[in-house]
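Worksheet for the structure shown next.
Number of protein chains: 2
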Amino acid sequence: MNIGQASKASGVSTKMIRYYDEIGLVRPASRTESNYREFDEREVNELRFIRRARSLGFSMPEITQLLSLWRDRERPSREVKAIAEKHVRELDARIAEMQTMADTLRHLSHCCAGDDRPDCPILADLTGGSQPAEPKAAHGRRR
Amino acid sequence: MNIGQASKASGVSTKMIRYYDEIGLVRPASRTESNYREFDEREVNELRFIRRARSLGFSMPEITQLLSLWRDRERPSREVKAIAEKHVRELDARIAEMQTMADTLRHLSHCCAGDDRPDCPILADLTGGSQPAEPKAAHGRRR
DNA sequence: ATAGGGCTTCCTACCATGGGAAGGTCAAGC
DNA sequence: GCTTGACCTTCCCATGGTAGGAAGCCCTAT
Chain A
1 MNIGQASKAS
11 GVSTKMIRYY
21 DEIGLVRPAS
31 RTESNYREFD
41 EREVNELRFI
51 RRARSLGFSM
61 PEITQLLSLW
71 RDRERPSREV
81 KAIAEKHVRE
91 LDARIAEMQT
101 MADTLRHLSH
111 CCAGDDRPDC
121 PILADLTGGS
131 QPAEPKAAHG
141 RRR
Chain B
144 MNIGQASKAS
154 GVSTKMIRYY
164 DEIGLVRPAS
174 RTESNYREFD
184 EREVNELRFI
194 RRARSLGFSM
204 PEITQLLSLW
214 RDRERPSREV
224 KAIAEKHVRE
234 LDARIAEMQT
244 MADTLRHLSH
254 CCAGDDRPDC
264 PILADLTGGS
274 QPAEPKAAHG
284 RRR
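Chains A and B, in that order, are what the protein sequence lines are. For the first sequence, the residue numbers in this note's numbering are 1 to 143. For the second sequence, the residue numbers in this note's numbering are 144 to 286.
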């Protein structure tokens, strides 16, 4: 199987297959006489594995770990589970962050008339934001 | 005010201030005789604006739009609101995507014993994933 | 006047991905 | 056997937002 067929079979672009090869995520593919990479079912399965893991948001280092566990028939499932759970925690953290952003914006949008007038709580928030702009009344500056 | 002071006052790194300058997000700062950039309160406010908008997840193109609306005292708040709402929709979409990933992984984790044994539904999913691997038993392939 | 720190520009890297060019290779049809 | 077109190879470039660093100029305080 050459790279194009492996690409179709795995759903990973030829670009990315070469890249994974280059960074050592998969073992360097064997080559034909004329220097073409050649792939077998096993390697295609690895590519599919990577594709699926990427689609679940795993980082490349995580995938490196997962791949080596996957190759190891003696692995303790504990280790796989630990990686997955850590990743879930990271996802949850990022979700919470974005949720906070979205909620803030929803609130501001809700308060914004959205008509022809220029007054806009959204811009007001961006202006002042978390920093209270300048106190201006310099003598009694709190904090 | 030179770039270092503007950076402290705005919370934007000098690196990023120069970058925003370079890509034209803020107007090129005026220069002293010795080619130092100089900033006034108004420019520092713009930098704060950008920082706050970044922290709400707006992209640079969106911030470009927001900044120009912010500078325009005649803007209709409608336009600001539209940008914010579009961004909220994008955030929600990305949140939903990540939520799906997290839920999938939570389910798989839940099904994984997480002990010394090698059997692992997480790896099994990554192997077969959405693609049913190869049917192998070729005659009766469901779906 | 000298030291130090701030300023300038320019180059590099990150990460995963894709676009494209230049040139070698294979297979099919004549 | 030769042409054609599809495929392969490597190499370079770009993305986006941020950071690190080097070389060299400038300012200020001692």
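Positions of the beta carbon are idealized from the N, C-alpha and C atoms, including for glycine.
Item, Value
"Got a sec: is the Cβ-Cβ distance from residue 286(B) to anything in chain A below 7 Å?", "Interpretation of residue 286(B) is limited by its pLDDT of 29, a score under 50 that renders its predicted location unreliable; the figure taken from the coordinates is listed afterwards. Not one chain A Cβ lies under 7 Å of residue 286(B)."
"So what does DSSP say about residue 216(B), is it helix, strand or coil?", "coil"
"Counting only C-beta atoms, is residue 241(B) closer than 7 Å to chain A at any point?", "yes"
"Which stretch, first to last residue, makes up the alpha helix (DSSP H) that contains residue 146(B)?", "146-153"
"For residue 20(A), count neighbouring Cβ atoms within 10 angstroms of its own Cβ and tell me buried if that reaches 16, exposed if not.", "buried"
"Counting only Cβ-Cβ distances shorter than 9 Å, please list the residues of the region 40-56 of chain A near chain B, keeping chain order.", "41, 45, 48, 49, 50, 51, 52, 53, 55, 56"
"For residue 185(B), which of 178(B), 200(B), 169(B) has the nearest alpha-carbon?", "169(B)"
"Between the region 79-92 of chain A and the region 243-256 of chain B, are three or more C-beta pairs nearer than 8 Å?", "yes"
"If you follow the alpha helix (DSSP H) that residue 58(A) is in, where does it begin and where does it stop?", "Unbroken run through residue 58(A): none, as it is neither H nor E."
"Anyone know if the C-beta pair for residue 269(B) and residue 49(A) falls short of 7 Å?", "yes"
"Residue 150(B): which of 199(B), 190(B), 242(B) sits nearest, CA to CA?", "190(B)"
"Given residue 203(B), which residues of its chain have a CB within under 8 Å of its CB, disregarding the five upstream and five downstream residues?", "166, 168"
"Applying a beta-carbon distance threshold of less than 7 Å, which residues of chain A neighbour residue 256(B)?", "77"
"Using a Cβ cut-off of 7 Å (strictly closer), state whether residue 249(B) contacts chain A.", "yes"
"Using a Cβ-Cβ cutoff of less than 6 Å, which residues in the same chain neighbour residue 121(A) once the five nearest sequence positions on both sides are dropped?", "108, 111, 112"
"So, at 6 Å on beta carbons, what are the nonlocal neighbours of residue 210(B) in its own chain, with the 5 sequence-adjacent residues on each side left out?", "none"
"To the nearest angstrom, report how far apart residue 94(A) and residue 56(A) are at their CA atoms.", "14 Å"
"Contact criterion: CB-CB distance below 7 Å. Does residue 228(B) meet it with respect to chain A?", "yes"
"Measuring CB to CB, does residue 37(A) end up less than 7 Å from residue 3(A)?", "yes"
"Taking C-beta pairs closer than 8 Å, name the residues in chain A that residue 238(B) reaches, listed in chain order.", "95, 98, 99, 102"
"Let me check one thing: in DSSP terms, what residues is residue 174(B) bridge-paired to?", "180(B)"
"At a CB-CB cut-off below 9 Å, which residues of chain B make contact with residue 14(A)?", "Residues of chain B passing the Cβ test: none, with the nearest at roughly 18 Å."
"Name the two residues that bound the continuous alpha helix (DSSP H) containing residue 166(B).", "Taken as a continuous stretch (DSSP letters only), residue 166(B) belongs to no alpha helix (DSSP H), as it is neither H nor E."
"What residue range does the alpha helix (DSSP H) around residue 262(B) cover?", "Run containing residue 262(B): none; DSSP gives neither H nor E here."
"Can you list, in chain order, the residues of its chain with a C-beta nearer than 6 Å to that of residue 154(B)? Leave out the 5 residues immediately preceding and following it.", "194"
"Let me confirm a value: residue 174(B) is counted as buried when at least 16 other C-beta atoms fall within 10 Å, else exposed. Which label applies?", "exposed"
"What residues in the region 2-30 of chain A have a beta carbon less than 8 Å from any beta carbon of chain B?", "11"
"Mapping the DSSP letters down to three states, classify residue 245(B) as helix, strand or coil.", "helix"
"Does residue 111(A) come out as helix, strand or coil in the three-state DSSP assignment?", "helix"
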